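Residue numbers (our numbering), protein chains in the order written: chain P, 49 to 257; chain R, 1153 to 1216.
Glycine included, every Cβ here is placed at the ideal spot set by N, Cα and C.
What you are looking at is a predicted structure, and each value in this text was computed from that prediction instead of being measured.
Reviewing the structure listed below.
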């Protein structure tokens, strides 16, 4: 049976102040890229009672995604935006979702993200990460960006850190391990990096006026 | 000049793009802040570095 929204809010009570729940409920976060980072960030934020998520990805779920992304075999061949929306609403049926199934380019960054305060960069390719961050910092002055940068392989988990790089950019990751060097991605280390990003998002929301 | 927290000496009048290439950065995989503001990619070859500048060069790696 579907729990009521009131019951879900009540379950929060006693663990954290209700004021915090309400702050998270009234927040919106955009996630660019719904792979190993983005799909896990979305799940963690949905569990954290974020009110609205804006999900952006052009791709479909592939069998090679199952080693680290929040999809299962029922999702194979589906659009990631639709598959993840289905999964998120099973976790939090009162989550509001805005979905854009589109490839992010320098031309559409502003129309997709300019109204957002917090954008998670969760792309796979280094050039796409650089493109999104440069365009957001140049064209969307109201945004703060939380980026995932360096989480390949199974090296030291403690090498993954969050740091502030400039006034509107947070970098999560080891800043070094690169899939283009032939190191693959694994669920654990990608999940750690996604956890850093989701936690930084929550910190930005809590600290906001 | 301070680059990523480290003191560096730059030749007078050096362009940002030349500095980045000399330091081994791929311009397609970086973001650059100069004195706290993002430098648009199209301005890398028009931005003259000064000894008193502070640069933050973020280098992106693949994976996500």
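Would you please state the rounded distance, in angstroms, between the beta carbons of residue i and residue j? I believe it to be under 8 angstroms.
| i | j | result |
| --- | --- | --- |
| residue 216 of chain P | residue 193 of chain P | 6 angstroms |
| residue 105 of chain P | residue 129 of chain P | 6 angstroms |
| residue 134 of chain P | residue 91 of chain P | That belief does not hold up - the Cβ atoms of residue 134 of chain P and residue 91 of chain P are roughly 12 angstroms apart, past 8 angstroms. |
| residue 138 of chain P | residue 102 of chain P | The pair is not a contact, with the Cβ atoms about 19 angstroms apart (cut-off 8 angstroms). |
| residue 253 of chain P | residue 136 of chain P | In fact, because the Cβ distance is near 18 angstroms, the residues do not count as touching under 8 angstroms. |
| residue 269 of chain P | residue 250 of chain P | The requested residue 269 of chain P does not occur in the structure, where chain P is confined to residues 49 to 257. |
| residue 213 of chain P | residue 1210 of chain R | 5 angstroms |
| residue 108 of chain P | residue 127 of chain P | 6 angstroms |
| residue 1157 of chain R | residue 172 of chain P | No, residue 1157 of chain R and residue 172 of chain P are not in contact; Cβ-Cβ is about 28 angstroms, not under 8 angstroms. |
| residue 264 of chain P | residue 1190 of chain R | The structure shown does not extend to residue 264 of chain P, since chain P is modelled only from 49 through 257, so no value can be given for it. |
| residue 245 of chain P | residue 168 of chain P | 6 angstroms |
| residue 175 of chain P | residue 1181 of chain R | 6 angstroms |
| residue 1207 of chain R | residue 1167 of chain R | That belief does not hold up - the Cβ atoms of residue 1207 of chain R and residue 1167 of chain R are roughly 13 angstroms apart, past 8 angstroms. |
| residue 203 of chain P | residue 225 of chain P | 6 angstroms |
Taking only the alpha-carbon atoms, compute the straight-line gap between residue i and residue j and give it to the nearest angstrom.
| i | j | result |
| --- | --- | --- |
| residue 218 of chain P | residue 231 of chain P | 24 angstroms |
| residue 154 of chain P | residue 1169 of chain R | 20 angstroms |
| residue 1178 of chain R | residue 239 of chain P | 28 angstroms |
| residue 200 of chain P | residue 89 of chain P | 17 angstroms |
| residue 1171 of chain R | residue 1187 of chain R | 16 angstroms |
| residue 62 of chain P | residue 84 of chain P | 32 angstroms |
| residue 67 of chain P | residue 234 of chain P | 37 angstroms |
| residue 236 of chain P | residue 178 of chain P | 24 angstroms |
| residue 79 of chain P | residue 1164 of chain R | 42 angstroms |
| residue 147 of chain P | residue 141 of chain P | 16 angstroms |
| residue 196 of chain P | residue 170 of chain P | 6 angstroms |
| residue 223 of chain P | residue 180 of chain P | 17 angstroms |
| residue 69 of chain P | residue 51 of chain P | 17 angstroms |
| residue 132 of chain P | residue 82 of chain P | 8 angstroms |
| residue 1205 of chain R | residue 1183 of chain R | 16 angstroms |
| residue 188 of chain P | residue 152 of chain P | 14 angstroms |
| residue 114 of chain P | residue 120 of chain P | 6 angstroms |
| residue 162 of chain P | residue 93 of chain P | 21 angstroms |
| residue 54 of chain P | residue 60 of chain P | 10 angstroms |
| residue 221 of chain P | residue 205 of chain P | 10 angstroms |
| residue 125 of chain P | residue 112 of chain P | 11 angstroms |
| residue 116 of chain P | residue 56 of chain P | 28 angstroms |
| residue 198 of chain P | residue 1185 of chain R | 20 angstroms |
| residue 64 of chain P | residue 58 of chain P | 11 angstroms |
| residue 243 of chain P | residue 122 of chain P | 25 angstroms |
| residue 149 of chain P | residue 1160 of chain R | 44 angstroms |
| residue 1175 of chain R | residue 1201 of chain R | 14 angstroms |
| residue 98 of chain P | residue 241 of chain P | 19 angstroms |
| residue 143 of chain P | residue 211 of chain P | 29 angstroms |
Does the ligand ADP have even one heavy atom less than 7 angstroms from the beta-carbon of residue i?
| i | result |
| --- | --- |
| residue 254 of chain P | Looking for the ligand ADP in the displayed structure turns up nothing, as the structure carries no ligands at all. |
Which residues does DSSP list as the beta-bridge partners of residue i?
| i | result |
| --- | --- |
| residue 1154 of chain R | R:1159 and R:1206 |
| residue 247 of chain P | Its beta-bridge partners do not exist; DSSP assigns none. |
| residue 71 of chain P | DSSP, once it has assigned bridges, lists no residue as partnering residue 71 of chain P. |
| residue 76 of chain P | P:100 |
| residue 1212 of chain R | Paired residue(s): none; residue 1212 of chain R is not in a bridge. |
| residue 192 of chain P | P:166 |
Quick one: is residue i near chain C, going by C-beta distance under 8 angstroms?
| i | result |
| --- | --- |
| residue 1175 of chain R | No chain C is part of this structure, whose protein chains are labelled P and R. |
Quick check on the DSSP output: what are the complete beta strand (DSSP E) runs of length 3 or more inside the segment 1156-1210 of chain R, in order along the chain? Taking only runs of at least 3 residues, the beta strand (DSSP E) segments lying wholly in the segment 1156-1210 of chain R are 1182-1186.
My parser needs the beta strand (DSSP E) runs of 3 or more residues fully inside the segment 194-227 of chain P; what are they? Runs of beta strand (DSSP E) with 3 or more residues, each lying fully within the segment 194-227 of chain P, are found at 209-212 and 217-221, listed in chain order.
Beta strand (DSSP E) runs contained entirely in the segment 102-186 of chain P, provided each spans 3 or more residues: 144-148 and 166-169, all fully within the segment 102-186 of chain P.
Inter-stretch contact (C-beta, 8 angstroms, three-pair minimum) for the segment 1194-1202 of chain R and the segment 155-174 of chain P: Taking a contact to require three or more Cβ pairs closer than 8 angstroms, the segment 1194-1202 of chain R and the segment 155-174 of chain P do not qualify as touching.
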